[in-house]
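Below is one structure, written out as structure tokens, with a few remarks after it.
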């Protein structure tokens, strides 16, 4: 696990906006912080991905204060950053080339949101041949509606989406499991 | 809708194997057949994608009989085919270039399975800038287990995965809605 790059996806202030709805897993940020501290202590590779929405009214638009990284997940000097305007961290960024050039074939993915940018980036990472661990309790999502307008809780969105990913695109592990594997 | 390409993903015999588990939506194939008939009648663009698993024991491996297209979704002469070995129809294929070279910027996606190859291809199509309609009742998936080993029904996998896609990567419509829009 020590040679894996920790890939933080969209850990940005804009996700605190009430417009997204009800979120699950309020512990995601503290788990991300714990993983980030461990990676920094081990001097292991860390990569930050920031969403720069092209929609002016989005809290994640570069002109909005919500575009900023959350304080607990802000990059330190020397930690590479990639910006994107779609869900996948691999489209319109140099991320794939960066990983290949630096011999990074293994990723530990955390961030927001489980079923949009995290799922899409995890799928593409797996399909591009990277070995991916997705940290279940270091990601979170929001409640949504199904085609008939019925409410689906954020926790159900999260749980079902992880079930679709596990074993097909990645291995899903908890923060504790990942931290123990890096000792 | 008439200028959209109908993109059929992995409508292959191997998905009839019992190893996948319990499936939802047994009507998917008849809905795909109805859409295919309408597209052929309109001489609208049709594109077939076939999964060629690299795993020798997979029913979708090229040496297995299950690699074949289902009879009702077999390509006619002149209908382009793309083969893939990962979930995304856009990785390791020439699909994106083909669509761009042929001025096809709009897709109607059907096929198997909702949360693996269909979701991944829909996400990537949307992120690459294509205008995507995903046909909810012309796709299907299988039951799966969550991280704690709890069973999730195929219908719940299907419904929640469509809720994650709708409005973010594509518009989800029914076969009837699509057929009416092509009249």
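Protein chains in written order, with the working numbering: chain A, 5 to 187; chain B, 5 to 187. Just so it is clear, CB atoms sit at the ideal spot from N, CA and C, and this is done for glycine as well.
Open item on the list: Tell me whether the stretch 12-20 of chain B and the stretch 159-168 of chain A touch, counting them as touching only if at least three CB pairs, one residue from each stretch, are closer than 8 Å.
Closed with: no
Open item on the list: Can you pull the chain B neighbours of residue 119(A), defined as C-beta to C-beta under 7 Å?
Closed with: As a position in the first chain, residue 119(A) is number 115, starting the count at 1. Neighbours of residue 119(A) on chain B, chain order: 168.
Task: Backbone CA spacing between residue 147(B) and residue 120(B) [nearest angstrom] - done: Numbered from its first residue, the second chain carries residue 147(B) at position 143. Numbered from its first residue, the second chain carries residue 120(B) at position 116. Distance between the alpha carbons of residue 147(B) and residue 120(B) is about 12 Å.
Task: 7 Å Cβ shell around residue 128(B) - same chain, five flanking residues per side excluded - done: For this step, residue 128(B) is matched to residue 124 along the second chain. Only 92, 94 meet the Cβ criterion.
- [ ] Kindly give me the distance between the Cβ atoms of residue 178(B) and residue 141(B), rounded to whole angstroms, as I take these residues to be in contact under 8 Å.
- [x] Start at 1 with the first residue of the second chain, and residue 178(B) comes out as number 174. Start at 1 with the first residue of the second chain, and residue 141(B) comes out as number 137. Yes, they are in contact, since the Cβ atoms of residue 178(B) and residue 141(B) sit about 5 Å apart, within 8 Å.
Open item on the list: Can you tell me where the alpha helix (DSSP H) holding residue 182(A) begins and where it ends?
Closed with: Residue 182(A) sits at position 178 when you count from the first residue of the first chain. 179-185 is the span of the alpha helix (DSSP H), which, as asked, contains residue 182(A).
- [ ] Could you have a look at residue 154(B) and say whether DSSP puts it in helix, strand or coil?
- [x] Along the second chain, one-based indexing puts residue 154(B) at 150. Coil, per DSSP.
Task: Beta carbon proximity, residue 201(A) to chain B, threshold 7 Å - done: No answer is possible for residue 201(A): it lies beyond the span of chain A, which begins at 5 and ends at 187.
TODO: Say whether the stretch 148-155 of chain B touches the stretch 105-116 of chain B, bearing in mind that this needs 3 or more beta-carbon pairs closer than 8 Å, one atom from each stretch.
DONE: no
Open item on the list: Excluding the 5 residues flanking residue 7(B) on each side, which residues of the same chain have their C-beta closer than 7 Å to its C-beta?
Closed with: Translated into the one-based positions of the second chain, residue 7(B) becomes position 3. So the qualifying residues of the chain are 110.
- [ ] My understanding is that residue 56(B) touches residue 37(B), with C-beta atoms under 8 Å, so please give their C-beta distance in whole angstroms.
- [x] Walking along the second chain from the start, residue 56(B) turns up at place 52. Walking along the second chain from the start, residue 37(B) turns up at place 33. Going by Cβ atoms, the distance from residue 56(B) to residue 37(B) rounds to 23 Å, so no, they are not a contact pair.
Task: Identity of the residues DSSP links to residue 113(A) by a beta bridge - done: As a position in the first chain, residue 113(A) is number 109, starting the count at 1. According to DSSP, which records beta bridges pairwise, residue 113(A) is partnered with 11(A), 138(A).
Task: Assigned secondary structure, residue 162(A) (DSSP; H/G/I helix, E/B strand, else coil) - done: Here residue 162(A) refers to the residue found at position 158 when the first chain is read from its first residue. Three-state DSSP puts residue 162(A) in a helix.
TODO: Could you please tell me which residues of the stretch 131-151 of chain B, in chain order, have their CB closer than 9 Å to any CB of chain A?
DONE: 131, 132, 133, 140, 145, 148, 149, 150, 151
Task: 3 or more residues per run - each beta strand (DSSP E) lying fully within the stretch 25-86 of chain B - done: 50-55
Open item on the list: Quick check on DSSP: helix, strand or coil for residue 167(A)?
Closed with: Translated into the one-based positions of the first chain, residue 167(A) becomes position 163. Residue state, collapsed to three classes: helix.
Task: Limits of the alpha helix (DSSP H) - the one that residue 101(B) falls within - done: Here residue 101(B) is taken as the residue at index 97 of the second chain, counted from 1. Residue 101(B) -> alpha helix (DSSP H) spans 99-105.
Task: Burial state of residue 30(A) (16 or more Cβ within 10 Å) - done: Taking the first residue of the first chain as 1, we reach residue 30(A) at position 26. So residue 30(A) ends up on the exposed side.
Open item on the list: Let's see if you can read the secondary structure: which residues bound the alpha helix (DSSP H) around residue 125(A)?
Closed with: Here residue 125(A) refers to the residue found at position 121 when the first chain is read from its first residue. It spans 123-131 - the alpha helix (DSSP H) in which residue 125(A) sits, taken as one unbroken run.
Open item on the list: What does the alpha-carbon distance come out to for the pair residue 52(A) and residue 85(A)?
Closed with: What you label residue 52(A) is simply residue 48 of the first chain in a count that begins at 1. What you label residue 85(A) is simply residue 81 of the first chain in a count that begins at 1. Cα-Cα distance, rounded: 5 Å.
TODO: For residue 160(B), return the contacting residues in chain A, with the cut-off set at a CB-CB distance below 7 Å.
DONE: Along the second chain, one-based indexing puts residue 160(B) at 156. 164, listed in chain order.
Task: Neighbouring residues, chain B, relative to residue 176(A) (Cβ below 9 Å) - done: As a working mapping, residue 176(A) is identified with position 172 in the first chain. The answer, in chain order, is 151.
Task: chain B contacts from the stretch 74-108 of chain A (Cβ-Cβ distance under 7 Å) - done: 90, 91, 92, 95
- [ ] Could you tell me which chain B residues have their CB closer than 8 Å to the CB of residue 172(A), listed as they occur along the chain?
- [x] Numbered from 1 along the first chain, position 168 holds the residue referred to as residue 172(A). Under the 8 Å cutoff, chain B gives 91, 120.
Open item on the list: If distances are taken between C-alpha atoms only, which option among 180(A), 104(A), 169(A), 170(A) comes closest to residue 9(A)?
Closed with: In the first chain, counting from the first residue as 1, residue 9(A) sits at position 5. Checking every option, the nearest Cα to that of residue 9(A) belongs to 104(A).
Open item on the list: Give me, in chain order, the residues of the same chain whose beta-carbon lies closer than 8 Å to that of residue 161(B); leave out the 5 immediate sequence neighbours on both sides.
Closed with: Translated into the one-based positions of the second chain, residue 161(B) becomes position 157. Result list for residue 161(B): 28, 118, 119, 145, 146, 147, 148, in chain order.
Open item on the list: Check whether chain A comes within 7 Å of residue 27(B), counting only Cβ atoms and requiring the distance to be less than that.
Closed with: For this step, residue 27(B) is matched to residue 23 along the second chain. With 7 Å as the cut-off, residue 27(B) does not count as an interface residue toward chain A.
- [ ] Kindly list the residues whose CB is nearer than 8 Å to the CB of residue 174(B), restricted to its own chain and excluding five residues on each side of it in sequence; keep chain order.
- [x] Along the second chain, read from residue 1 onward, the residue named residue 174(B) stands at position 170. Result list for residue 174(B): 113, 126, 129, 130, 136, 137, 138, in chain order.
- [ ] Pull up the CB-CB distance for residue 122(B) and residue 13(B), whole angstroms please, since I reckon it's below 8 Å.
- [x] Locating residue 122(B) in the second chain gives position 118, counting from the first residue. Locating residue 13(B) in the second chain gives position 9, counting from the first residue. Yes, they are in contact, since the Cβ atoms of residue 122(B) and residue 13(B) sit about 5 Å apart, within 8 Å.
Task: Which residues DSSP lists as bridging residue 176(A), in chain order - done: The sequence position of residue 176(A) within the first chain is 172, counting from 1. Residue 176(A) is bridged to 138(A).
- [ ] Can you pull the chain B residues whose beta carbon is under 7 Å from the beta carbon of residue 156(A), in chain order?
- [x] The sequence position of residue 156(A) within the first chain is 152, counting from 1. Those are 164, 167, listed as they occur along chain B.
Task: Buried versus exposed call for residue 35(B) [16 or more other C-beta atoms within 10 Å across all chains shown] - done: Stepping through the second chain from its first residue, residue 35(B) is reached at position 31. Looking at its Cβ environment, which holds 16 or more other Cβ atoms inside 10 Å, residue 35(B) is buried.
- [ ] Using a Cβ cut-off of 7 Å (strictly closer), state whether residue 124(A) contacts chain C.
- [x] Looking for chain C here will not work: the only protein chains present are A and B.
- [ ] Reducing DSSP to helix, strand and coil, say where residue 19(A) ends up.
- [x] Residue mapping note: residue 19(A) aligns to position 15 of the first chain, counting from 1. Here residue 19(A) sits in helix by DSSP.
- [ ] Indicate whether residue 3(A) and residue 70(A) have their beta-carbon atoms separated by less than 7 Å.
- [x] Absent from the structure is residue 3(A), since the part of chain A shown begins at 5 and ends at 187.
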